[in-house]
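Residue numbers (the numbering used here), protein chains in the order written: chain A, 1426 to 1648; chain B, 159 to 450.
Every residue, glycine too, gets a C-beta built ideally from N, C-alpha and C.
Beneath this line is the structure, given in structure tokens, with notes to follow.
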């Protein structure tokens, strides 16, 4: 068994989580407080990865990233981004695929705060941005933690999208879930079990830690 | 002088309603806003605060235009000199009592204002606590103090005392009066409590279905005629019992139950739950139903 796929998996999950957090905070702030008519549309797009087979998302991303489409040729020729069968491509795909897992907890956290909290902050002369950073986000730490961990864990468990976009290139796109599939196909059950056991143990530990911490956090709020 | 002339289409539970206000308020006065729920009281406060935009009209505060639809002037909430205390206090849960007050400071404003208000509102020994551990009355005092930090010219209180028990109410009424006078504020207080209005307000603004039905001193507004009498209390009818030719009416004034004798005619106008004024004239108390 090699450690490469495991390390690559965690690198991917970590990067995806950081990027998604930066995208999700402004996005959820908009979603939570907008009265725009296109909100349902945006919410639908965000939630699509929950119900679509990963292969559908992967297939369209594959088309979009390939040089033969407008988007793909713009990405590779103008921006110099080669997203097919590369690690950066995996990050982009994972960000899209895990979007609802980051957005939903943060959005509901923000929406569950009393709206007066935001309004009072405005009447105290503070901007919406300052209100978000100094009041709203610190008040929804459990939701932020849930979003971060779900995204991280979900990215670790990704398979279909990775296979479509990244393939199985060692050191570049061969993450642990792909390695397991590969080993099973080669009838190396022992190796497959090693990868599987490590993933199982790590994700179990992470999730357990979250529930323990969030439980305490909630108690702290009530006290 | 604060001039308010605004129109706003509101969607309420029973359909749409037009809020149509036209009033002038003297600087430094304390105005009670009275009316049934859904009459538009909170909307008026929100429009003044800049949290809701009126469809048409203007708001002028001491010749400063806060809002004017004809010249497209709209001062956002951040730029208005207001202190806003919503019904549920809305303290910032992630900050301590002191942190809540410090957050309100303007850039470069001295922190001595925070200490002054902690002292004035008797919050100094609670300053390191988080809002979640405070009682309702304590939270309300923090919310009041926070609203005053920036030295607003207008204080807006949306049913500030409705969730508190009587004892707490009375002491908070005094706190509100204290800051109203000390900081030279013009205050708007939404209240359902006649006793509270009589005690605190210079004027009462009665709103019904989005429009002003009366605006004046509480005595003028709530009693149809001027009453002379040595003692006057407002209370709630809790019981009406016939006794021979007369009726015995039990009236709850603050926490005292007063029994008043009424004639059949007088009693027929009253029902349990009516707000009434009990006036003692010589030795025969008269009972007069209040109309809002």
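### Query
What whole-angstrom Cβ distance do residue 1598(A) and residue 1524(A) have, given they're in contact under 8 Å?
Not quite, the Cβ-Cβ distance comes to about 20 Å (not below 8 Å), so this is no contact.
#### Entry: Alpha-carbon spacing of residue 1506(A) relative to residue 1588(A), whole angstroms
Approximately 19 Å, taken between the alpha carbons.
### Task
Can you tell me which of 362(B), 313(B) and 446(B) puts its alpha carbon nearest to the alpha carbon of residue 219(B)?
For residue 219(B), the nearest C-alpha among the options comes from 313(B).
### Query
Does the distance from the CB of residue 1555(A) to the CB of residue 244(B) come in under 8 Å?
Annotated as distal: residue 1555(A) and residue 244(B), with beta-carbon spacing of 8 Å or more.
#### Entry: Residues that DSSP places opposite residue 344(B) in a beta bridge
DSSP lists 312(B) as partners of residue 344(B).
### Task
For residue 457(B), collect the residues of the same chain with a Cβ closer than 7 Å to its Cβ; drop the 5 residues on either side in sequence, then sort them by chain order.
Chain B is shown only over 159 to 450; residue 457(B) falls outside these bounds and no answer can be derived.
### Where residue 1563(A) meets chain E, residues with beta-carbon distance less than 7 Å
The structure shown contains no chain E; its protein chains are A and B.
### Query
When the cut-off is 8 Å and only beta carbons count, does residue 1539(A) lie next to chain B?
Contact of residue 1539(A) with chain B is assigned, a C-beta pair being separated by under 8 Å.
### Message
Across the region 175-192 of chain B and the region 354-362 of chain B, are there enough close Cβ pairs to call them in contact, namely three or more that are closer than 8 Å?
### Response
Touching, yes.
### Task
Entirely within the region 249-276 of chain B and at least 3 residues each: give me those beta strand (DSSP E) ranges in chain order.
The qualifying runs do not exist here; there are none.
### Query
Mind pulling the chain A residues with CB within less than 7 Å of residue 248(B)?
Per Cβ cutoff of 7 Å: 1539, 1541, 1542 and 1545.
### Exposure label - residue 1428(A); buried when at least 16 CB within 10 Å
Exposed, by the Cβ-count rule.
### Query
Any heavy atom of the ligand ATP closer than 7 Å to the Cβ of residue 320(B)?
This structure does not include the ligand ATP; it has no bound ligands of any sort.
### Task
Report yes or no: is there a C-beta of chain A within less than 8 Å of the C-beta of residue 242(B)?
At a cut-off of 8 Å between beta-carbon atoms, residue 242(B) makes contact with chain A.
### Closer than 8 Å to chain B by CB, residue 1551(A)
Interface residue, yes.
### Task
Starting from residue 414(B), trace the beta strand (DSSP E) both ways and give me its first and last residue.
Segment 414-420, the beta strand (DSSP E) holding residue 414(B).
### Task
Spell out a yes or no on whether the region 1560-1573 of chain A and the region 247-263 of chain B are touching, meaning 3 or more CB-CB pairs, one atom from each, closer than 8 Å.
In short, these stretches touch, since the Cβ pair count reaches three.
### Counted within 10 angstroms of its Cβ, other Cβ atoms place residue 1568(A) as buried (16 or more) or exposed
The residue in question, residue 1568(A), is buried, as its Cβ has 16 or more Cβ neighbours within 10 Å.
### Query
Of all Cβ atoms in chain B, is any one closer than 8 Å to the Cβ of residue 1431(A)?
No, its Cβ sits nowhere closer than 8 Å to a Cβ of chain B.
### Query
Any idea which residues DSSP pairs residue 1436(A) with across the strands?
Partner(s): none; residue 1436(A) has no beta bridge.
### Task
Could you please give the first and the last residue of the uninterrupted beta strand (DSSP E) stretch that includes residue 369(B)?
Counting along the chain, the beta strand (DSSP E) containing residue 369(B) begins and ends at 369-374.
### Query
For residue 1459(A) and chain B, any beta-carbon pair shorter than 8 Å?
Residue-level contact check: residue 1459(A) does not touch chain B, since none of the beta carbons of chain B fall below 8 Å from its beta carbon.
### Message
Closest to residue 1450(A) by C-alpha separation, out of 1504(A), 1535(A), 1437(A) and 1488(A), would be which residue?
### Response
The candidate whose alpha carbon is nearest that of residue 1450(A) is 1535(A).
### Query
Which bits of chain A does residue 321(B) rub up against, with CB to CB less than 9 Å?
Identification of chain A residues near residue 321(B) by a Cβ-Cβ cut-off of 9 Å yields none; the smallest Cβ-Cβ distance measures about 14 Å.
#### Entry: Segment contact flag, the region 1624-1638 of chain A with the region 330-347 of chain B, C-beta cutoff 8 Å, min 3 pairs
Taking 8 Å as the limit for Cβ pairs, the verdict is that the region 330-347 of chain B does not touch the region 1624-1638 of chain A.
### Task
Identify, in the order they occur along the chain, each residue of the same chain with its Cβ nearer than 8 Å to the Cβ of residue 1384(A), setting aside the five sequence neighbours on each side.
Here chain A covers residues 1426 to 1648 and nothing more, so residue 1384(A) does not appear.
### Task
To the nearest angstrom, report how far apart residue 426(B) and residue 182(B) are at their CA atoms.
Roughly 39 Å separates the two Cα atoms.
### Task
Could you pull out every residue in the same chain whose Cβ sits closer than 6 Å to the Cβ of residue 1430(A), ignoring the five residues on either side in sequence?
Cβ contact annotation for residue 1430(A) (same chain, cutoff 6 Å, sequence separation greater than five): 1599, 1600, 1601 and 1604, in chain order.
### Query
Going by other Cβ atoms of all chains shown within 10 Å of its Cβ, with 16 needed for buried, is residue 1495(A) buried or exposed?
Burial state of residue 1495(A) is exposed, judged by a 10 Å Cβ sphere holding fewer than 16 other Cβ atoms.
### Task
Could you please give the first and the last residue of the uninterrupted alpha helix (DSSP H) stretch that includes residue 1649(A)?
For chain A, the structure presents residues 1426 to 1648; residue 1649(A) sits outside this window and is missing.
### Task
Determine the direct distance from the alpha carbon of residue 1460(A) to that of residue 354(B), and round the result to whole angstroms.
Between residue 354(B) and residue 1460(A), the alpha-carbon positions lie close to 38 Å from each other.
### Task
Check whether the Cβ of residue 1560(A) lies closer than 8 Å to any Cβ atom in chain B.
At a cut-off of 8 Å between C-beta atoms, residue 1560(A) counts as an interface residue with respect to chain B.
### Task
Kindly list the residues whose CB is nearer than 7 Å to the CB of residue 1645(A), restricted to its own chain and excluding five residues on each side of it in sequence; keep chain order.
In this prediction, residue 1645(A) scores a pLDDT of 48, lower than 50, which makes its location untrustworthy; no coordinate-derived value is stated.
#### Entry: According to DSSP, residues forming a beta bridge with residue 190(B)
DSSP links residue 190(B) through a beta bridge to 347(B) and 362(B).
### Query
At a Cβ cut of 7 Å, what residues of the region 292-310 of chain B count as close to chain A, listed as they run along the chain?
Cβ contacts with chain A: 308.
### Message
Given this structure, state the Cα-to-Cα distance separating residue 379(B) from residue 446(B), to the nearest angstrom.
### Response
Taking the straight line from one Cα to the other gives about 14 Å.
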